[in-house]
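Per the working numbering, residue 89 is the first one in the sequence shown, and the count goes up by one each step. Where a beta carbon is used, it is the ideal one built from N, C-alpha and C, also for glycine. Written out below as structure tokens is the structure these notes cover.
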Amino acid sequence: MARRPSAPRPRGTGRSSARPTPPRTAPQGTAPQGTARRRRTSSPTPAGVATPPTAPAPRQAKSSASTAEGTLTRPTQGSRSVGRPRPEPAPAEETPARGRVVEAADRFRELVTGRPWRRRRRQMIASLAGLALVLGAALAAAVFLPALQIARIDVQGTGYVDPAAVEQAAAQQAHGPLLLLPAHQIRADVEAVPGVSTAEVERSWPDGVVVTVTEGTPVAQLKRSNGTTAILDSTGEELPEAAADGASLMPLAITTPSADPEGAAAAMIAVLETLPDPLRGATTEITASSDADVTLTLQLEDGGTKTVVWGDAEDAALKADVVQALLGEPGSVIDVSSPVAPVTR
Numbered sequence: 089m090a091r092r093p094s095a096p097r098p099r100g101t102g103r104s105s106a107r108p109t110p111p112r113t114a115p116q117g118t119a120p121q122g123t124a125r126r127r128r129t130s131s132p133t134p135a136g137v138a139t140p141p142t143a144p145a146p147r148q149a150k151s152s153a154s155t156a157e158g159t160l161t162r163p164t165q166g167s168r169s170v171g172r173p174r175p176e177p178a179p180a181e182e183t184p185a186r187g188r189v190v191e192a193a194d195r196f197r198e199l200v201t202g203r204p205w206r207r208r209r210r211q212m213i214a215s216l217a218g219l220a221l222v223l224g225a226a227l228a229a230a231v232f233l234p235a236l237q238i239a240r241i242d243v244q245g246t247g248y249v250d251p252a253a254v255e256q257a258a259a260q261q262a263h264g265p266l267l268l269l270p271a272h273q274i275r276a277d278v279e280a281v282p283g284v285s286t287a288e289v290e291r292s293w294p295d296g297v298v299v300t301v302t303e304g305t306p307v308a309q310l311k312r313s314n315g316t317t318a319i320l321d322s323t324g325e326e327l328p329e330a331a332a333d334g335a336s337l338m339p340l341a342i343t344t345p346s347a348d349p350e351g352a353a354a355a356m357i358a359v360l361e362t363l364p365d366p367l368r369g370a371t372t373e374i375t376a377s378s379d380a381d382v383t384l385t386l387q388l389e390d391g392g393t394k395t396v397v398w399g400d401a402e403d404a405a406l407k408a409d410v411v412q413a414l415l416g417e418p419g420s421v422i423d424v425s426s427p428v429a430p431v432t433r
């Protein structure tokens, strides 16, 4: 005899033998189902027994939240969700709203290991600072240590020049720390000493100064109109009288009256330095009253003499050639003050 099916219970009152199945989220990439599937019972219906009708599934309210893959459904307020599995919380690193959570120690280690140039820069700065301190200490020691103060002056290269005069001139600036030696000023003071042509100044550690001088070469002895004499070098500078010892000097004389004795002396030295060797060897005296009337006295091979009116110091090479060409001509005077129109008489 078949059982008569019982009437369904009212919705929302009491427990139902068929519980609503919790909604499932549709897999990504598939279309969502309109209604939730009913949960199957674990025990099969016995044979020969009619299956009782099941209560209709409760309607579910649609959620306002939607994604690009589909719409998620949620059970209504009247349905029970007992036994529904709760979703696992998303890891902190994957929560887009809160950002990625990283341990501070890991982040600091990443910054330090990722930028080694900062450590190298700090090491370089420390090394440079240490080097600067060492150099500063060495400089201070070189300036202020008593053992490095100038205590002696050695003069070298003197002949007729008095070494004491050179040392006295150098001592005007050669004092204080040897490291701060004013070599250029000392050189200028020493070269102002009569007879000194050039000077070199060097340090002699730990406390000395070496001054090496080059003396001027005497070439002439000048006799002034007042009777005084002076030893001159090739530049016309006056040398000490001791420079004449053992030197072969050309006699120079300023004739009277002379309106420019200094110009006359300079012109005679200039002419002497431009004379070729044959004429210089034959010249016995040079006289002048100004820079424009230089006169030479030549000693000839036959024992005679000739007077050469040279004029000024210009065109020295041309005048020398003309004089040598006219030495064999008659007469005792050769005038080459105008070398393009020489005159013999």
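Reference residue i; option with closest CA among the options
{"i": "G369", "options": "D321, V307, Q273", "result": "V307"}
{"i": "G315", "options": "L340, V243, Q387", "result": "L340"}
{"i": "P328", "options": "G264, P234, V281", "result": "V281"}
{"i": "T343", "options": "P366, T362, Q244, R312", "result": "R312"}
{"i": "P366", "options": "S377, V428, E279, L388", "result": "L388"}
{"i": "A405", "options": "L360, P418, E417, G392", "result": "L360"}
{"i": "Q309", "options": "T300, M356, G392, H272", "result": "M356"}
{"i": "E350", "options": "G416, G324, A229, S336", "result": "G324"}
{"i": "L233", "options": "P294, A220, R207, Q273", "result": "P294"}
{"i": "T418", "options": "Q273, A229, G392", "result": "The question names Thr, yet the displayed sequence has Pro at residue 418. Comparing Cα positions, the closest option is G392."}
{"i": "S336", "options": "A220, V222, T305, P345", "result": "T305"}
Test item: CB-CB of residue i and residue j under 8 Å
{"i": "E255", "j": "V284", "result": "no"}
{"i": "D409", "j": "V382", "result": "no"}
{"i": "D242", "j": "G296", "result": "yes"}
{"i": "V411", "j": "V396", "result": "yes"}
{"i": "K394", "j": "S420", "result": "yes"}
{"i": "T385", "j": "L414", "result": "no"}
{"i": "G264", "j": "Q237", "result": "yes"}
{"i": "M338", "j": "T317", "result": "no"}
{"i": "V289", "j": "R275", "result": "yes"}
{"i": "A376", "j": "A352", "result": "yes"}
{"i": "V231", "j": "V301", "result": "no"}
Cα-Cα separation, residue i to residue j
{"i": "E373", "j": "D321", "result": "16 Å"}
{"i": "S292", "j": "A354", "result": "40 Å"}
{"i": "A259", "j": "P364", "result": "43 Å"}
{"i": "D379", "j": "T246", "result": "33 Å"}
{"i": "A330", "j": "P251", "result": "13 Å"}
{"i": "A358", "j": "R240", "result": "41 Å"}
{"i": "V453", "j": "E402", "result": "Residue 453 is absent from the model: the chain starts at 89 and stops at 433."}
{"i": "A235", "j": "Q244", "result": "24 Å"}
{"i": "G416", "j": "E279", "result": "46 Å"}
{"i": "A429", "j": "I319", "result": "35 Å"}
{"i": "G224", "j": "T362", "result": "57 Å"}
Classification of residue i by the beta-carbon crowding that lies within 10 angstroms, buried from 16 upward
{"i": "D277", "result": "buried"}
{"i": "D390", "result": "exposed"}
{"i": "A287", "result": "buried"}
{"i": "Q261", "result": "buried"}
{"i": "L227", "result": "exposed"}
{"i": "A257", "result": "buried"}
{"i": "L216", "result": "exposed"}
Short CB-CB distance (under 8 Å) between residue i and chain B
{"i": "S425", "result": "Note that chain B does not occur in the displayed structure, where there is just one protein chain."}
> Looking at C-beta atoms only, is the number of pairs between the region 209-216 and the region 258-269 that lie closer than 8 Å three or more?
Replying inline: no
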